[in-house]
Amino acid sequence: PVKKQTTIMSKVRNFIPALAGVLLTAPQLFAAEEGGASIIDGIKNAGAIGAFIILMSVVAMALVIEHFMTIKREKLAPTEIFEEIEELLNENNHAEAKELCEAEPCYLTNVVREGIMKIGHPFATIEKHLEEKNEEENLKLQQKVGWLSLIAGLGPMMGLFGTVWGMVGAFAKISSAGAGGVNPADFAGTISLALMTTVLGLVVAIPTTAFYAFFRNKVQMMELEIGTMVEDLFERFRSANK
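When we follow our numbering, the leftmost residue of the sequence shown carries the number 529, and every step to the right adds one.
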């Protein structure tokens with residue numbers, strides 16, 4: 529299972545540059561008009577709402593990069609730390625194992641430290657505290673990746689807001705034109721605002737939603753994996769502290 533997970537992660541990492549390219553080029557493709565308007569022209573037409581959506585896309589990309597760097601086995605449960613803790617517990621050196629956990633804080637060591645502090649109590653008590661700490665650490669990671677969900681939800685909503693705002697402006701100009709008729713060029717800018725904000729909102733929301741689902745599932749997998757590792761570490765106390 530670990531090898532399979534590594535293969536999947538490798539494929540995802542190879543997919544990231546292509547997805548980043550889509551994020552960077554999609555606005556330009558959608559903004560292109562018959563006159564050959566550039567991406568800058570499209571952003572200008574989108575107004576302040578479009579600029580805010582683009583800012584959200586920058587924040588989303590920064591979060592994605594940060595998550596790829598921190599939400600992984602090497603950071604959450606380093607193999608060398610696990611092996612060192614296991615060796616100390618085999619030697620019944622609980623105090624030094626606790627000091628190691630305090631010196632190397634991470635998902636794994638935070639959970640293990642909670643269990644070490646309860647050594648000497650009935651195993652049911654140790655197990656309960658381990659489960660509660662594991663859930664707490666998992667909740668922290670879920671809240672961390674939850675910002676991507678927020679951005680993915682705000683993108684289309686801001687796009688819709690820009691669309692409504694642009695249409696309101698367009699109909700206001702049509703209404704004010706009176707009997708003399710209306711020149712399409714007079715409200716083309718507001719229509720462009722309506723269309724571009726919708727496009728930008730979707731361009732941000734679609735990949736961000738995909739990344740959120742990926743990291744959410746990854747956090748759940750890490751919770752199960754680390755929970756199994758911790759359970760194996762403390763299984764030795766089951767018969768000794770009933």
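Even glycine gets a Cβ: it sits at the ideal position worked out from N, Cα and C.
Tell me residue i's beta-bridge partners as DSSP assigns them.
i	result
ILE599	Bridge partners of ILE599: none, in fact.
ILE647	HIS649
Residues in the same chain with beta-carbon distance under 8 Å from residue i, minus the five sequence neighbours each way, listed in chain order, please.
i	result
PHE580	MET686
Where does residue i land, buried or exposed, given buried means 16+ other C-beta within 10 angstroms?
i	result
VAL731	buried
PRO555	Its pLDDT being 46, under 50, PRO555 is placed unreliably by the model, and the measurement read from it follows with that caveat. Its Cβ being crowded by 16 or more others within 10 Å, PRO555 is buried.
THR736	buried
MET584	buried
ALA576	exposed
ARG601	buried
GLY674	exposed
For residue i, which residues of its own chain have a beta-carbon under 6 Å away from its beta-carbon, when the five flanking residues on both sides are left out?
i	result
CYS629	THR637, VAL640, ARG641
ILE647	HIS622
ASN662	VAL639, GLY755
ILE582	none
VAL550	Residue confidence is low: VAL550 scores 46 on pLDDT, short of 50, so the model does not pin down where it sits. No coordinate-derived value is stated.
Measure the CB-CB distance between residue i and residue j and report whether it falls below 8 Å.
i	j	result
ALA588	ILE679	yes
VAL747	LEU658	no
GLY683	ALA722	no
GLY681	THR725	no
TYR635	LEU676	no
ALA625	ILE613	yes
Could you tell me whether the Cβ of residue i comes closer than 8 Å to any Cβ of chain D?
i	result
ILE613	Structure shown: chain D not included; a single protein chain is present.
In chain order, what residues of the same chain lie with their CB nearer than 7 Å to the CB of residue i, ignoring the 5 residues before and after it?
i	result
THR653	LYS646
Do three or more CB pairs link the segment 665-677 to the segment 739-756 at distances below 8 Å?
Contact holds between the segment 665-677 and the segment 739-756, because three or more Cβ pairs, one in each stretch, are under 8 Å apart.
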